[in-house]
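Here is the structure we will look at, set down as structure tokens.
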Amino acid sequence: METQVIKGLAEEGRRPTTLFLGMMGAKGGSGVSMFAATLASVISRERKLLMLDLDSNSSHRCSFEKNGFPGISNLIMLIGENGADALQHLIREHPMGFHLLPGFRVPEEEGLLTSEKLNVIYEHLSRHYDLILIDVSSNHHMMVNGALNPCELILLITRPDLLSLHCALRNQELVERVKGIGSQRWGLVINGFSRATLIRPHQITDALQIPLVAILPEDPQAAENFSNLGKRPSDNSPFLEAITGMASRLGLIDQPAQATSRRFYSGLKRALWG
Ligand SMILES: Nc1ncnc2c1ncn2[C@@H]1O[C@H](COP(=O)(O)OP(=O)(O)OP(=O)(O)O)[C@@H](O)[C@H]1O
Ligand SMILES: [Mg+2]
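Taking this note's numbering, the leading residue of the sequence shown gets 11, the next gets one more, and so forth.
Below is the structure:
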């Protein structure tokens, strides 16, 4: 979905600044990939979005029945050979309705991605997309590799328990150490909240000093869909509803047609930090 402004710039061979959104977890199984895929499917209806899978499990690759196709580690070679056309060979349409650049097929491919190579890839991708969503999940190698460096906003997804909180603090510190990112670049998502949860949301935000962006409910039906070859949650899913509300509050959807990425990022900053 291209706005007039973006179309005009594309004709001149350049795009307005692309917004990079990072997604990382407190620890394994925090729900980052399910959250990221659902958010991507919601935003993709309105914006040109790409999901980049840097999850060590390549979760999003697993949403395809035949999933041995090349991924991000192969892109770096193809960019050299084919220039801009390289992307066409690698980007997939995810079953949940967004563009996906698949991750690593085997752990060895992960080792090929140095931060310099990632920068080349980011620069290349930003010529084609308004919004790039990077899922690192609980992949520590990618957290310390500068994979989240271009992100204007990093969403930290945590379960509401003490162990997750402890791990969230450690991962936040890890990423901040790489780039010295200020606290205004973080948003917190509490996933899997229910009546039985003992720890309160404000206790988590107080400890992490990160603005709370969303509280997502436990939703076994959405989880079953996600695990079943990446199906979108049903329209009445409370998980989907919470994410759609969040995307709207942050100005990631429902923006005036003429808005550029930079303008909706200003809206996002206002919504988060006043
Ligand atoms: N709100 C929720 N309600 C119910 N189940 C959930 C919820 N969020 C995530 N899950 C389930 O928890 C499991 C882990 O989720 P997911 O793979 O998204 O986590 P992750 O943080 O990406 O994990 P990893 O760090 O291993 O990549 C999945 O089976 C998922 O369907
Ligand atoms: Mg994951």
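Yeah, the Cβ is synthetic: ideal placement off N, Cα and C, and Gly gets one too.
Note that this is a predicted model, so its numbers are computed, not measured.
Query	Result
So what's Met-256 in DSSP terms, helix, strand or just coil?	helix
I'd like the span of the alpha helix (DSSP H) that includes His-104, first residue to last.	Looking at the DSSP string, His-104 is not in any alpha helix (DSSP H), and its letter there is neither H nor E.
So which of Leu-123, Leu-135, Glu-120 has the shortest CA-CA distance to Leu-97?	Leu-135
So, does the region 248-267 touch the region 35-55, judging by three or more C-beta pairs under 8 Å?	yes
Count the other CB atoms within 10 Å of the CB of Gln-219; is the residue buried (16 or more) or exposed (fewer)?	exposed
In three-state DSSP terms, what is Pro-170?	coil
Hey, would you say the C-beta of Gly-81 is under 6 Å away from at least one heavy atom of ligand 1?	no
From what residue to what residue does the alpha helix (DSSP H) around Val-154 run?	150-154
For a quick check, are the C-beta atoms of Arg-242 and Met-106 less than 7 Å apart?	yes
So Leu-110 and Gly-32 are in contact, right, with Cβ under 8 Å, and what is the actual spacing, rounded?	With a Cβ gap of about 16 Å, Leu-110 and Gly-32 do not count as contacting.
If you drop the 5 nearest sequence neighbours on each side, which residues of the same chain put their C-beta closer than 7 Å to that of Asn-292?	Outside the shown range of the chain, which is 11 to 284, sits residue 292, and nothing can be said about it.
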